[in-house]
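Asks:
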Amino acid sequence: MSIFSHPEFDQHEQVNFFHDKETGLKAIIAVHNSNRGPALGGCRMWQYGSDAEALTDVLRLSKGMTYKSALANLDLGGGKSVIIGNPREHKSEALLEMMGRALESLSGRYIAAEDSGTSVPDLQVMARHTHYVAGITERTGIDGLPCNGDPSPATAYGTFVGLKAAVAHKFGTQDLTGLRVAIQGVGNVGFRLAKHLHEAGAELIVSDIYPAFVERAVNGLGATAVAADAILAQEVDVVAPCALGATINDQSLALMKAKVIAGAANNQLEHAAHDQQVRDAGILYAPDFAINAGGIIDIFYERTGHTPDKVRTHIETIGDTLAEIFKRSDASGEGTGVIANRLAEERFIR
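Just so we're aligned, residue 259 is where the sequence shown starts under the numbering used here, counting upward by one.
Below is the structure:
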């Protein structure tokens with residue numbers, strides 16, 4: 259299994275492999291770049307098809323965190339960790355404690371947060387043996403409610419701020435009254451985004467694979483429900499992907515009537531080429547790793563002196579970052595994703 263010639267290797271500073279026979283721990287920690295500060299990123303536990311697949315994931319995701327933190331103007335680098343195993347079958351207290359020891363051995367070069375297959379309680383177990391976990395402290399969230407590591411309120415608010423910036427650029431107004439928005443996925447983040455939009459006067463069309471989530475949005479926010487496979491083809495002004503990635507593809511673009519894509523999902527474009535295709539179709543795309551950075555901003559301030567007002571103020575700079583991306587895209591004719599990558603690199607490459 260090659261590292262330096264791996265297609266996802268991109269000048270990563272450090273890739274560590276950890277194995278413990280007694281607990282069954284098999285883990286990889288990747289630090290992509292630490293020019294701006296310690297690398298922060300989620301600790302994912304997943305039943306990968308192979309060790310090579312796990313390596314691909316951790317290399318790709320750690321790089322993505324570098325770009326997200328830089329675009330968010332945080333004093334953080336990018337990293338990621340993966341634990342190889344089925345979280346429902348292989349997770350144990352002993353394994354999590356051993357992962358905590360693995361994290362501690364890096365002496366703070368990487369800080370772990372929750373991700374797919376891990377939870378705040380899991381991180382609290384790791385924290386018995388390491389100082390380098392984030393998002394586990396009881397505090398007041400940006401919505402004024404008690405928060406124990408859940409980044410959803412901050413992610414949703416940042417997405418709302420970014421959506422407003424995209425609407426202002428595309429339609430010349432920040433008044434969302436009567437704006438038609440199709441939200442794909444109304445779980446933790448998507449529903450909170452829907453609440454912000456509802457309070458701003460937008461008309462909501464929603465879908466989700468879980469009927470209870472759809473019912474909550476319909477009954478609580480007056481949303482209109484449509485089938486999951488039809489949500490991106492609605493007659494709306496904005497589509498907000500807030501579920502799985504890769505939903506912006508050849509098929510959805512051929513049917514899309516919206517002029518703005520602004521949602522919280524990760525990796526929304528199926529292929530990099532779709533960035534330019536979206537622009538050529540006259541659609542304004544808010545790059546996902548710029549618009550959904552509210553969560554990592556929240557986690558950063560948990561470690562550096564959290565106050566809800568400070569977090570909210572920083573999250574609102576997401577709109578400024580997107581405005582700069584849109585302006586540069588208009589000037590160059592390049593896709594907004596390309597511009598976002600370039601802007602991030604300006605902030606972390608030395």
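Every residue, glycine too, gets a C-beta built ideally from N, C-alpha and C.
This one's a predicted model, so the numbers in the text were calculated from it and none came from an experiment.
Once you ignore the five residues that flank Thr324 on each side, which residues in its own chain have a CB closer than 7 Å to its CB?
Replies: The residues are His290, Asn291, Gly335, Gly336, Phe606.
Asks: If you follow the beta strand (DSSP E) that Lys298 is part of, which residue opens it and which one closes it?
Replies: Residue 298 is actually Leu in this sequence, not Lys. Taken as a continuous stretch (DSSP letters only), the beta strand (DSSP E) holding Leu298 covers 297-304.
Asks: For the region 564-582 against the region 472-491, do three or more pairs of beta-carbon atoms, one drawn from each stretch, fall closer than 8 Å, so that the two count as touching?
Replies: Because the criterion of three Cβ pairs below 8 Å is not met, the region 564-582 and the region 472-491 do not touch.
Asks: Is Ala512 closer than 8 Å to Val497 when the C-beta atoms are compared?
Replies: No, they are not a contact pair.
Asks: Can you tell me the Cα-Cα spacing of Ala288 and Val596, whole angstroms?
Replies: Distance between the alpha carbons of Ala288 and Val596 is about 24 Å.
Asks: In terms of DSSP beta bridges, what is Pro404 paired with?
Replies: Paired residues: Thr398.
Asks: Does the beta-carbon of Pro265 have 16 or more other beta-carbons within 10 angstroms, so that it is buried, or is it exposed?
Replies: It counts as exposed.
Asks: Which residues bound the beta strand (DSSP E) around Phe267?
Replies: Counting along the chain, Phe267 falls outside any beta strand (DSSP E), and DSSP gives it neither H nor E.
Asks: Can you list, in chain order, the residues of its chain with a C-beta nearer than 6 Å to that of His454? Leave out the 5 residues immediately preceding and following it.
Replies: Phe418.
Asks: When the Cα atoms are used, what is the spatial distance from Gly282 to Tyr390?
Replies: Going from the Cα of Gly282 to the Cα of Tyr390 covers about 22 Å.
Asks: Which value, in whole angstroms, describes the spacing of the CA atoms of Leu317 and Gly436?
Replies: Rounded to the nearest angstrom, the two C-alpha atoms are 43 Å apart.
Asks: For Leu354 versus Asp373, is the C-beta distance shorter than 8 Å?
Replies: No, the pair does not count as a contact, with Cβ atoms beyond the cut-off.
Asks: Spatial neighbours of Ala426 within its chain, please: C-beta separation below 6 Å, excluding the five flanking residues on both sides.
Replies: For Ala426, where only same-chain residues beyond five positions count, the Cβ hits under 6 Å are Gln432.
Asks: Go through the region 404-441 residue by residue and report every complete run of the beta strand (DSSP E) that reaches 3 residues or more, in order.
Replies: Runs found: 404-406.
Asks: What's the gap between the Cα of Lys284 and the Cα of Asn274?
Replies: Going from the Cα of Lys284 to the Cα of Asn274 covers about 11 Å.
Asks: Relative to the alpha-carbon of Asp487, which residue among Val340, Ser465, Arg600 has its alpha-carbon at the smallest distance?
Replies: Of Val340, Ser465, Arg600, the residue nearest in Cα terms is Ser465.
Asks: Do the CB positions of Ile369 and Leu298 come within less than 8 Å of each other?
Replies: Result yes, Cβ atoms of Ile369 and Leu298 sit closer than 8 Å.
Asks: So for Val566, helix, strand or coil by DSSP?
Replies: Note that residue 566 corresponds to Pro in the displayed sequence, not to Val. Pro566 falls in the helix class under three-state DSSP.
Asks: Which whole-angstrom value is the C-beta distance of Ala424 and Val518, which I expect to be below 8 Å?
Replies: Right, their Cβ atoms sit about 5 Å apart.
Asks: Could you give the C-beta distance for Ala440 and Leu490, rounded to a whole number, given that I count them as a contact under 8 Å?
Replies: Rounded, the Cβ-Cβ distance is 7 Å, consistent with contact.
Asks: Could you compute how far the alpha carbon of Phe276 sits from the alpha carbon of Asp333?
Replies: So the two alpha carbons sit approximately 27 Å from each other.
Asks: Name the one or two DSSP bridge partners that Val496 has.
Replies: DSSP, once it has assigned bridges, lists Val439, Val518 as partnering Val496.
Asks: As a quick exercise: from Pro411, Glu604, Ile541, pick the residue whose alpha carbon is nearest that of Asp588.
Replies: Minimum Cα distance to Asp588 is reached at Ile541.
Asks: From Glu271, Pro566, Ala483, pick the residue whose C-alpha is nearest to that of Leu364; which is it?
Replies: For Leu364, the nearest C-alpha among the options comes from Glu271.
Asks: Taking the alpha-carbon positions, what's the Glu574 to Ile549 distance?
Replies: Roughly 10 Å between the two C-alpha positions.
Asks: So, helix, strand or coil for Ile583, using DSSP?
Replies: Helix at Ile583.
Asks: Going by beta carbon distance, what residues of the same chain come within less than 6 Å of Gly521, once the five residues before and after it are set aside?
Replies: Excluding sequence neighbours, Gly521 sits near Ala498, Pro499, Cys500.
Asks: What residue ranges within the region 343-370 form continuous alpha helix (DSSP H) runs of no fewer than 4 residues, ordered along the chain?
Replies: Qualifying alpha helix (DSSP H) stretches, in chain order: 351-362.
Asks: Name the residue from His564, Ile261, Ser410 whose alpha carbon lies nearest to the alpha carbon of Ala310.
Replies: Among His564, Ile261, Ser410, the Cα nearest to that of Ala310 is on Ile261.
Asks: Pick from Ile555, Ala544, Gln526, Asp533: whose alpha carbon is nearest that of Gly420?
Replies: Looking at the Cα atoms, Ala544 is the closest of the given residues.
Asks: Which residues share a DSSP beta bridge with His277?
Replies: Its beta-bridge partners are Lys284.
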